[in-house]
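At position 338 of the sequence shown (counting the first as 1) the number is 338 in UniProt numbering, and the numbers step up by one without a gap.
Where a beta carbon is used, it is the ideal one built from N, C-alpha and C, also for glycine.
As structure tokens, the structure follows; a few thoughts come after it.
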Amino acid sequence: MAKEYDLVILGGGTGGYVAAIRAAQLGLKTAVVEKGKLGGTCLHAGCIPSKALLRSAEVYAQTKESEKFGVLANDVKLDFAKVQERKQKIVEQLHKGVQHLMKKGKIDVYEGTGRILGPSIFSPMPGTISVEMNNGDENEMLVPKNVIIATGSRPRTLPGLDIDGELVITSDEALRLEKLPASIIIVGGGVIGIEWASMLNDFGVEVTVLEYADRILPTEDHDVSKELEKVLKQRGINIVTSAKVLPETLEKGNGVTIKAEHKGERKAFTAEKMLVSVGRQANIEGIGLENTDIVIEKGFIKTNEFYQTKESHIYAIGDVIGGLQLAHVASHEGIVAVEHIAGQNPSSIDYTMISKCVYSRPEVASVGLTEEEAKEKGYKVKVGKFPFKAIGKALVFGEAEGFVKIVADEATNDLLGVHMVGPHVTDMISEAGLARVLDATPWEVAHTIHPHPTLSEAMAEAALAVDGKAIHF
Ligand code: FAD
């Protein structure tokens with residue numbers, strides 16, 4: 001028997017389940033189809049488990065250095081099984097929370113693989129969804145007025161570089177490691193690669209990062225990349241930029257050896273394992289797109305600013321549409337799509353207002369244009385930069401690397417971008433995000449009196465520094 005819904009969401013990851021909750025709030029009869037676990041990549045193979053491991057790594061590394069705080073902790077040991085257990089507990093707790101939210105919103109959850117059918121006896125428009133149930137029950141047939149595709153993404157690899165799950169792995173397998181390797185090569189110095197590099201280094205693993213671009217985190221502000229690279233190198237991570245990995249040279253035995261072209265030479269790198277983190281590709285296969293007029297562009301589903309595909313009743317959000325592949329982006333896109341379906345006239349998202357974070361040690365966070373991007377766009381910029389080494393709280397923490405950098409428009413005083421590298425900056429960036437949303441000037445940021453001693457004083461000082469008026473540096 002076909003079941004009718006106002007909205008069926010394909011994929012219950014961060015984008016999908018948040019969209020479902022918003023839809024339920026707006027009174028839409030809603031179902032989510034999820035083939036794995038509610039919470040998707042972010043909860044089970046991304047944000048949460050990786051941050052849980054990062055936290056354990058940080059505690060381990062800092063306990064080893066605790067003598068500088070006058071705390072003598074002899075014979076510090078790592079119990080990696082416990083580290084994994086703790087991570088899993090957090091994931092399971094949050095997973096239960098999402099399941100509860102679905103019940104609370106009276107959202108039907110179908111555990112199975114969904115596929116869009118073409119025009120059918122149930123509906124003249126493509127959109128009927130057939131669900132192959134995980135428990136082997138007969139397929140369910142769902143007839144929605146609207147569909148949101150939120151099927152997410154999976155790790156990509158380099159052409160010719162096969163992931164075997166043992167010696168050559170992605171973040172999916174890395175999160176499930178039962179034992180830490182002695183050494184690792186990380187191919188790709190983007191967000192995921194750098195988080196793993198920082199974490200594994202803190203766990204005591206010998207880490208080499210091979211990055212094709214001339215700097216790590218190539219989409220961040222140039223100064224931020226350079227500062228982070230300096231600190232990570234000081235901590236013992238071998239970072240090789242402008243390195244073109246040659247997949248055909250991969251040799252496997254007890255470990256892996258691979259060559260990379262670097263400054264006109266071929267260099268060999270050897271380690272116990274290799275982690276490939278070169279981006280993520282959209283899950284667009286097997287979901288019945290061939291039964292629709294939906295357009296795929298560069299491997300991602302194409303939508304308008306309200307996330308409608310070429311089939312106006314089928315929307316797509318999150319990693320499957322590309323752009324900024326972040327959990328908070330996926331969920332916000334889901335909310336906009338649902339509000340559009342419900343006729344609420346939502347505003348479209350301004351992606352230059354979205355904060356991006358890297359949870360390495362030190363952390364990186366940014367919002368808006370980098371200095372280079374602002375100049376490329378023709379702005380005459382003025383820059384204010386303030387180092388954490390002049391912030392009392394950073395010294396108290398014993399983490400005084402990095403800075404806050406503000407890029408402003410000389411003509412209008414608009415705050416074009418804010419870039420941070422340093423302690424706990426991922427918890428500081430929302431002030432900059434709010435400043436951009438409210439169109440605040442550096443003067444207004446500086447004259448919001450920041451409490452002392454806090455790390456946030458670096459934001460106020462950087463705002464003063466835009467006009468050369470920083471107090472403490
Ligand atoms: P997903 O979360 O991937 O969810 C898609 C869901 O769809 C999955 O559950 C899948 O099982 C399901 N599905 C797919 N096909 C079907 C089908 N045919 N039928 C039914 N169900 C289907 N982002 C951040 O913002 N902060 C971070 O700190 C962060 N850390 C990350 C760390 C790592 C290691 C990784 C890999 C990613 C990280 N991300 C982070 C990115 C974040 O996880 C994604 O941007 C986010 O999960 C995207 O949400 P989504 O809903 O689009 O897709």
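Is the beta carbon of I287 closer than 9 Å to that of A309?
Within the sequence shown, residue 309 is the residue found at index 309, counting from 1. Within the sequence shown, residue 287 is the residue found at index 287, counting from 1. Correcting the residue identity first, residue 309 is Thr in this sequence and not Ala. The answer is no: Cβ separation not under 9 Å.
For T257, the first and last residue of its enclosing beta strand (DSSP E):
Locating residue 257 in the sequence shown gives position 257, where the first residue counts as 1. Unbroken beta strand (DSSP E) run through T257: V256 to H262.
By the 10 Å Cβ neighbour count, where 16 or more other Cβ atoms means buried, how is M360 classified, buried or exposed?
Taking the first residue of the sequence shown as position 1, residue 360 is located at position 360. Sequence check: residue 360 is Ser here, not Met. S360 counts as buried, since no fewer than 16 other beta carbons sit within 10 angstroms of its beta carbon.
Compare the beta carbon distance of L217 and V207 with 9 Å and say whether it is the shorter of the two.
For this step, residue 217 is matched to residue 217 along the sequence shown. For this step, residue 207 is matched to residue 207 along the sequence shown. The criterion of a C-beta distance shorter than 9 Å is not satisfied by L217 and V207.
Rounded Cβ spacing between G13 and A330 (contact assumed at less than 8 Å)
Here residue 13 refers to the residue found at position 13 of the sequence shown. Here residue 330 refers to the residue found at position 330 of the sequence shown. Contact flag correct, Cβ pair sits at about 7 Å.
Of the residues E34, V276, Y60 and T257, the one placed nearest I163, counting alpha carbons only
One-based indexing of the sequence shown puts residue 163 at position 163. Taking only the C-alpha atoms, the option nearest I163 is V276.
Report yes if the CB atom of S130 is closer than 9 Å to the CB atom of G114, and no otherwise.
Within the sequence shown, residue 130 is the residue found at index 130, counting from 1. Within the sequence shown, residue 114 is the residue found at index 114, counting from 1. Contact: yes.
One question on the structure: do L142 and Y5 come within less than 9 Å of each other, judged by their Cβ atoms?
Residue numbering aside, residue 142 sits at position 142 when the sequence shown is read from its first letter. Residue numbering aside, residue 5 sits at position 5 when the sequence shown is read from its first letter. Taking 9 Å as the Cβ cut-off, L142 and Y5 qualify as a contacting pair.
Along the chain, where does the alpha helix (DSSP H) that runs through D172 open and close?
Against the sequence shown, residue 172 aligns to sequence position 172. In the DSSP assignment, D172 falls within the unbroken alpha helix (DSSP H) covering S171 to A174.
Does the ligand MG have even one heavy atom less than 8 Å from the beta-carbon of I287?
Annotation note on the ligand MG: not contained in the displayed structure, which lists the ligand FAD as its ligands.
Terminal residues of the continuous beta strand (DSSP E) containing D75?
The residue you call residue 75 lines up with position 75 of the sequence shown. Per DSSP, D75 belongs to no beta strand (DSSP E) and is neither H nor E.
For E410, which residues of its own chain have a beta-carbon under 6 Å away from its beta-carbon, when the five flanking residues on both sides are left out?
Walking along the sequence shown from the start, residue 410 turns up at place 410. Taking C-beta separations shorter than 6 Å and ignoring five residues to either side along the sequence, the partners of E410 in its chain run K380 and K382, following chain order.
Rounded to whole angstroms, what is the Cα-Cα separation between L416 and H222?
For this step, residue 416 is matched to residue 416 along the sequence shown. For this step, residue 222 is matched to residue 222 along the sequence shown. Straight-line Cα distance between these residues: approximately 15 Å.
Taking the alpha-carbon positions, what's the E399 to A390 distance?
Here residue 399 refers to the residue found at position 399 of the sequence shown. Here residue 390 refers to the residue found at position 390 of the sequence shown. Cα-Cα distance, rounded: 11 Å.
Determine the burial state of F388: buried for a count of at least 16 other Cβ atoms within 10 Å of its Cβ, exposed for fewer.
To locate residue 388, count along the sequence shown from 1; it is residue 388. Buried.
Need the endpoints of the beta strand (DSSP E) that Q308 sits in, please.
To locate residue 308, count along the sequence shown from 1; it is residue 308. Taken as a continuous stretch (DSSP letters only), Q308 belongs to no beta strand (DSSP E), as it is neither H nor E.
Relative to the C-alpha of E305, which candidate in P126, G334 and L26 has its C-alpha closest?
Reading the sequence shown from its first residue, position 305 is the one you call residue 305. Of the candidates P126, G334 and L26, G334 places its Cα closest to the Cα of E305.
Straight-line Cα distance separating K37 from P119:
Against the sequence shown, residue 119 aligns to sequence position 119. Against the sequence shown, residue 37 aligns to sequence position 37. Looking at the two C-alpha atoms, the distance is approximately 29 Å.
Just grab the DSSP bridge partners of E251 for me.
Sequence index remark: in the sequence shown, residue 251 carries index 251 (1-based). T257, per the DSSP bridge assignment.
Closer than 7 Å by C-beta to A174: which residues in its own chain qualify, once you throw out the five before and the five after it? Chain order, please.
As a working note, residue 174 is residue 174 in the sequence shown. Same-chain partners within the cutoff: W196 and L275.
Helix, strand or coil for S225? Go by DSSP, reduced to three states.
On the sequence shown, residue 225 is found 225 positions in, with the first residue counted as 1. Assignment of S225 by DSSP, reduced to helix, strand and coil, places it in the helix class.
Contact test: P155 Cβ vs the ligand FAD heavy atom, cutoff 8 Å:
One-based indexing of the sequence shown puts residue 155 at position 155. P155 Cβ: within cutoff of the ligand FAD.
Secondary structure at F69, three-state DSSP: helix, strand or coil?
Position 69 of the sequence shown holds residue 69. In the displayed model, F69 falls within a helix according to three-state DSSP.
Report the three-state DSSP secondary structure of M125 (helix, strand or coil).
Counting from 1 along the sequence shown, the entry for residue 125 is found at position 125. Of the three classes helix, strand and coil, the one that applies to M125 here is coil, per DSSP.
Do you know offhand how far A81's Cα is from S56's?
As a first step, residue 81 must be located in the sequence shown, where it is residue number 81. As a first step, residue 56 must be located in the sequence shown, where it is residue number 56. In this structure, the alpha-carbon of A81 lies about 12 Å from that of S56.
When we look at the beta-carbon of V364 and count the other beta-carbons within 10 Å, is it buried (16 or more) or exposed?
In the sequence shown, counting from the first residue as 1, residue 364 sits at position 364. Its Cβ being crowded by 16 or more others within 10 Å, V364 is buried.
Expected contact under 8 Å - CB spacing of Y110 and A31 to nearest Å:
Indexing the sequence shown from 1 puts residue 110 at position 110. Indexing the sequence shown from 1 puts residue 31 at position 31. At roughly 6 Å, the Cβ-Cβ gap stays under 8 Å, so Y110 and A31 are in contact.
Run through DSSP, which three-state label would V205 get?
Numbered from 1 along the sequence shown, position 205 holds the residue referred to as residue 205. Here DSSP, grouped into helix, strand and coil, assigns V205 to coil.
When you compare only the Cα positions, how much space is there between N74 and G264?
What you label residue 74 is simply residue 74 of the sequence shown in a count that begins at 1. What you label residue 264 is simply residue 264 of the sequence shown in a count that begins at 1. Each residue's alpha carbon lies about 47 Å from the other.
Can you tell me whether DSSP reads R215 as helix, strand or coil?
Here residue 215 is taken as the residue at index 215 of the sequence shown, counted from 1. Collapsing the DSSP output to three states places R215 in coil.
Contacting residues, own chain, Cβ-Cβ under 6 Å from residue 477 (five flanking each side not counted)
Since the first residue shown for the chain is 1 and the last is 473, residue 477 is missing from the structure and cannot be characterised.
Helix, strand or coil for M141, going by three-state DSSP, please let me know.
The residue given as residue 141 occupies position 141 in the sequence shown. Collapsing the DSSP output to three states places M141 in a strand.
What whole-angstrom Cβ distance do G16 and G40 have, given they're in contact under 8 Å?
In the sequence shown, counting from the first residue as 1, residue 16 sits at position 16. In the sequence shown, counting from the first residue as 1, residue 40 sits at position 40. Right, the Cβ-Cβ distance comes to about 7 Å (below 8 Å), so this counts as a contact.
Out of E58, S50, L78 and G127, which one is the CA nearest neighbour of K3?
The count along the sequence shown starts at 1 and reaches residue 3 at position 3. Measuring from the Cα of K3, the nearest candidate turns out to be G127.
Measure the CB-CB distance between I185 and S50 and report whether it falls below 9 Å.
If you number the sequence shown from 1, residue 185 lands on position 185. If you number the sequence shown from 1, residue 50 lands on position 50. No, Cβ-Cβ distance for I185 and S50 is not below 9 Å.
Determine which residues share a DSSP beta bridge with Y315 and list them.
Against the sequence shown, residue 315 aligns to sequence position 315. Among the bridge pairs identified by DSSP, Y315 is matched with I148 and Q308.
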